[in-house]
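In what follows, a structure is listed as structure tokens, so that the remarks can point back to it.
Numbering (our numbering), first residue to last: 40 to 396.
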């Protein structure tokens with residue numbers, strides 16, 4: 040199952056790579072469409088979690104039209120498909136299903152965020168996953184846009200022109216003012232609430248575990264391992280009552296959030312990731328915010344300052360932005376299939392890009 044040409048195109052026997060899409064939510068639907076339209080992949084199957092999606096044509100879930108591939112909610116049916124790779128995109132990591140897929144011989148690309156830094160994993164979890172990979176002669180790679188592209192691929196490229204590095208700082212900005220998702224913004228993310236009700240240690244621990252491993256991976260690759268990863272959060276409130284697409288933000292309620300994850304070496308931040316999400320720029324206290332996108336600075340002997348902006352109208356951002364995560368995962372598939380068995384990180388894999396024709 041793992042025999043793939045080094046070019047990242049079809050397997051050596053000339054056939055397209057057989058792909059299973061696992062999960063068809065916001066990210067998974069984008070990934071599914073990319074597989075259906077890919078010149079060197081064929082859709083072998085689709086795993087869905089809800090009964091109302093089971094038994095439907097895969098094209099119904101991603102807007103491509105009929106594919107002839109029906110979705111399933113059965114792990115056993117997926118294991119019988121003899122897939123080259125499973126694009127694994129559920130909301131959370133399920134080690135039972137992952138290990139079953141890997142042990143069957145299917146390679147896996149996942150966006151669940153639990154395997155970015157193998158050295159930092161719970162030893163029992165790492166051993167279990169590596170054992171499944173050895174059993175199936177398969178490999179697994181964890182990636183996405185953030186963490187992944189902006190916390191690993193980009194910093195490693197920018198570090199390639201350094202011989203002395205002080206700090207790499209990554210800022211992620213998301214203007215959510217036109218995001219018409221009241222449940223997400225108000226109920227899940229905590230916008231519009233009293234400030235004391237938003238940040239707690241559980242949420243900071245989640246942010247630290249989501250982005251810390253990615254930063255640690257980069258630090259290890261640079262030969263500068265860090266001693267500690269810390270997370271902290273800041274809030275700003277609406278300076279006055281204002282309307283956004285999702286509803287109304289009352290004056291004095293949470294209107295902006297900034298979460299910072301710092302990977303510390305010798306007591307200072309070697310690598311730092313900041314996520315700033317805001318629903319208005321009329322904030323108290325006043326914050327300097329940028330348009331949706333990333334801002335990366337490198338303090339070293341070859342200093343750099345880089346802006347990556349998403350040139351998409353805010354009204355379309357919710358429809359477009361999942362592709363940044365989904366497409367990187369799809370483009371990683373050939374390199375993962377060609378890799379040696381085991382957990383394979385951004386550092387382990389060769390640079391890869393999109394095969395578009």
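For each residue, glycine too, the CB sits at the ideal point set by N, CA and C.
Classification of residue i by the beta-carbon crowding that lies within 10 angstroms, buried from 16 upward
i, result
"residue 341", "exposed"
"residue 227", "exposed"
"residue 233", "exposed"
"residue 47", "Low confidence applies here, because residue 47 scores a pLDDT of 47, under 50, leaving its location unreliable; read the following figure in that light. Looking at its Cβ environment, which holds 16 or more other Cβ atoms inside 10 Å, residue 47 is buried."
"residue 131", "exposed"
"residue 152", "buried"
"residue 274", "buried"
"residue 327", "exposed"
"residue 385", "buried"
"residue 295", "buried"
"residue 72", "buried"
"residue 42", "Note that residue 42 has pLDDT 37, beneath the 50 cutoff, so the model's placement of it is unreliable and the number below is only indicative. The residue is exposed, with fewer than 16 neighbouring Cβ atoms inside 10 Å."
"residue 434", "Limits of the chain in this structure are 40 at one end and 396 at the other, which puts residue 434 out of reach."
Of the listed residues the options, nearest to residue i (C-alpha basis)
i, options, result
"residue 251", "359, 265 and 204", "265"
"residue 1", "169, 149 and 151", "With the chain represented from 40 up to 396, any question about residue 1 goes unanswered, as that position is not in the structure."
"residue 362", "54, 230, 74 and 55", "74"
"residue 246", "192, 260 and 269", "269"
"residue 172", "205, 378 and 385", "378"
"residue 133", "124, 371 and 154", "154"
"residue 163", "177, 138 and 147", "138"
"residue 60", "320, 330, 129 and 236", "129"
"residue 388", "191, 140 and 318", "191"
"residue 206", "263, 182 and 188", "263"
"residue 56", "391, 369, 86 and 380", "369"
"residue 200", "343, 357, 393 and 53", "343"
"residue 188", "88, 210 and 367", "367"
"residue 114", "380, 140 and 299", "140"
"residue 222", "286, 360, 260 and 198", "286"
Contact check, residue i vs residue j, beta carbons under 8 Å
i, j, result
"residue 122", "residue 58", "yes"
"residue 218", "residue 284", "yes"
"residue 214", "residue 353", "yes"
"residue 339", "residue 203", "yes"
"residue 231", "residue 293", "yes"
"residue 257", "residue 186", "no"
"residue 70", "residue 126", "yes"
"residue 323", "residue 276", "yes"
"residue 364", "residue 66", "yes"
"residue 150", "residue 100", "no"
Residue range of the alpha helix (DSSP H) that includes residue i
i, result
"residue 169", "162-175"
"residue 65", "65-75"
"residue 249", "240-260"
"residue 366", "361-377"
"residue 311", "Note, residue 311: premise wrong, no alpha helix (DSSP H); beta strand (DSSP E) at 307-317."
"residue 116", "114-118"
"residue 121", "Note, residue 121: premise wrong, no alpha helix (DSSP H); not H, not E."
"residue 134", "134-142"
"residue 198", "193-198"
Neighbour flag for residue i against chain C, beta carbons, 8 Å
i, result
"residue 204", "The structure shown contains no chain C; it holds only a single protein chain."
Where the beta strand (DSSP E) through residue i begins and ends
i, result
"residue 275", "267-277"
"residue 127", "124-127"
"residue 84", "80-86"
"residue 298", "293-304"
"residue 222", "From DSSP, residue 222 is part of no beta strand (DSSP E); its letter is neither H nor E."
"residue 30", "The question about residue 30 has no answer here: the residues shown for the chain are numbered 40 through 396."
"residue 344", "343-348"
Cβ-based neighbour list, residue i, same chain, cut-off 6 Å, excluding 5 preceding and 5 following
i, result
"residue 301", "269, 308 and 311"
"residue 98", "104, 105 and 106"
"residue 174", "142"
"residue 208", "311 and 336"
"residue 40", "Confidence is the limiting factor: at residue 40 the pLDDT is only 40, short of 50, which leaves the residue's position unreliable, though a coordinate-based value still follows. The residues are 123 and 144."
"residue 254", "302 and 310"
"residue 182", "367, 368 and 371"
"residue 95", "110"
"residue 348", "330 and 332"
8 Å Cβ shell around residue i - same chain, five flanking residues per side excluded
i, result
"residue 116", "84"
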